[in-house]
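Undergrad: Numbering (this note's numbering), first residue to last: 4 to 265.
All C-beta atoms in this analysis are idealised placements derived from N, C-alpha and C, irrespective of residue type, glycine included.
Just so we're clear, the structure is a prediction, and the values are computed from it rather than from any experiment.
1. Hey, residue 105 and residue 55: beta-carbon distance below 7 Å or not?
2. Just curious, the alpha helix (DSSP H) that residue 217 is in, first and last residue?
3. Between the region 87–96 and the region 133–142, do three or more beta carbon pairs fall short of 8 Å?
4. Which residues bound the beta strand (DSSP E) around residue 108?
5. Cα separation between residue 146 and residue 163?
6. Taking the beta carbon of residue 28 as the centre, do at least 16 other beta carbons fall within 10 Å, making it buried, or is it exposed?
7. Do residue 107 and residue 85 count as a contact pair if the criterion is CB distance below 7 Å?
8. Helix, strand or coil, according to DSSP, for residue 132 in the structure here?
9. Using the C-alpha atoms, what's the distance from residue 30 back to residue 252?
10. Mapping DSSP to helix, strand and coil, what is residue 64?
11. Candidates 40, 32 and 63: which alpha carbon is nearest residue 115's?
12. Beta-carbon separation of residue 93 and residue 53 under 7 Å?
13. By Cβ distance below 8 Å, which residues in the same chain neighbour residue 60 in space, the five residues on each side in sequence not counted?
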């Protein structure tokens with residue numbers, strides 16, 4: 004089995020808000036990957052005493068443990084339990100009802116000798132390669148399908164779209180959001196490799212259009228996860244002055260890539 008994990012902050016002066024982990028139990032009977040992309044908070048605050056990295060570390064740690072230790076529990080239930088556990092860790096000190104309480108996108112995958120389970124919540128991505136080389140992207144595209152006019156400001160988004168019906172969902176304080184995730188199960192024999200990535204790394208396809216999802220997965224397989232992040236940084240630098248692609252987006256975003264060859 005081959006695994007690669009790369010995570011690079013968008014700004015070296017700021018903590019990386021992503022979380023990534025790969026767990027391979029000593030039994031050799033499967034494993035899991037976890038990728039979270041913490042949502043950068045607005046300057047006005049989140050109603051929480053804790054940082055986004057605090058949140059993603061605790062949610063990611065809980066997800067890694069629960070995904071492996073409860074192999075018969077569906078991933079959506081593991082996510083719900085992990086959110087509940089994390090909420091209990093700061094519910095007595097923080098306003099968890101605040102729309103910007105620390106939160107994150109989620110990618111989970113778990114493989115056993117017979118099956119591959121997956122879960123995606125919000126705009127991170129999971130790519131699944133089959134034995135014939137075909138690559139299937141697993142995406143939660145609710146945010147991407149919203150009209151740009153509806154995303155005019157953080158105030159509007161928080162009041163009308165964030166973790167609301169008709170909008171989009173992230174892992175925050177409500178365990179019920181886990182039921183909103185995109186989930187599925189495939190036979191183990193039908194999946195030969197997986198790539199999970201946050202939107203900072205997915206810019207290669209989604210923003211700069213260097214290739215489709217198959218091209219991205221193939222590039223990571225052949226050239227490595229670090230190559231993808233480095234290439235995105237080159238493209239971001241080239242666009243810094245013109246802003247032809249990024250528009251109002253961050254010049255650089257935290258970028259995380261996990262590759263697993265089963």
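TA: Reading from the atomic positions:
1. The sequence position of residue 105 within the chain shown is 102, counting from 1. The sequence position of residue 55 within the chain shown is 52, counting from 1. Yes, the pair counts as a contact, with Cβ atoms nearer than the cut-off.
2. Counted from its first residue, the chain shown places residue 217 at position 214. Where residue 217 is concerned, the enclosing alpha helix (DSSP H) stretches over 216–226.
3. No: fewer than three Cβ pairs fall under 8 Å.
4. On the chain shown, residue 108 is found 105 positions in, with the first residue counted as 1. Residues 107–114.
5. Position 143 of the chain shown, counting from 1, holds the residue named residue 146. Position 160 of the chain shown, counting from 1, holds the residue named residue 163. Roughly 13 Å between the two C-alpha positions.
6. Translated into positions along the chain shown, residue 28 becomes position 25. By the neighbour-count rule (16 or more Cβ atoms within 10 Å), residue 28 is not buried but exposed.
7. Sequence index remark: in the chain shown, residue 85 carries index 82 (1-based). Sequence index remark: in the chain shown, residue 107 carries index 104 (1-based). No; because the gap between Cβ atoms is not below 7 Å, this pair is not in contact.
8. The residue labelled residue 132 in the question sits at position 129 within the chain shown. Residue state, collapsed to three classes: strand.
9. Locating residue 252 in the chain shown gives position 249, where the first residue counts as 1. Locating residue 30 in the chain shown gives position 27, where the first residue counts as 1. Distance between the alpha carbons of residue 252 and residue 30 is about 44 Å.
10. Here residue 64 is taken as the residue at index 61 of the chain shown, counted from 1. Three-state result, residue 64: helix.
11. Numbered from its first residue, the chain shown carries residue 115 at position 112. Comparing Cα positions, the closest option is 32.
12. Residue 93 sits at position 90 when you count from the first residue of the chain shown. Residue 53 sits at position 50 when you count from the first residue of the chain shown. Result yes, Cβ atoms of residue 93 and residue 53 sit closer than 7 Å.
13. The residue you call residue 60 lines up with position 57 of the chain shown. Cβ-Cβ distances below 8 Å link residue 60 to 22 in the same chain, with the five nearest sequence neighbours on each side left out; the list follows chain order.
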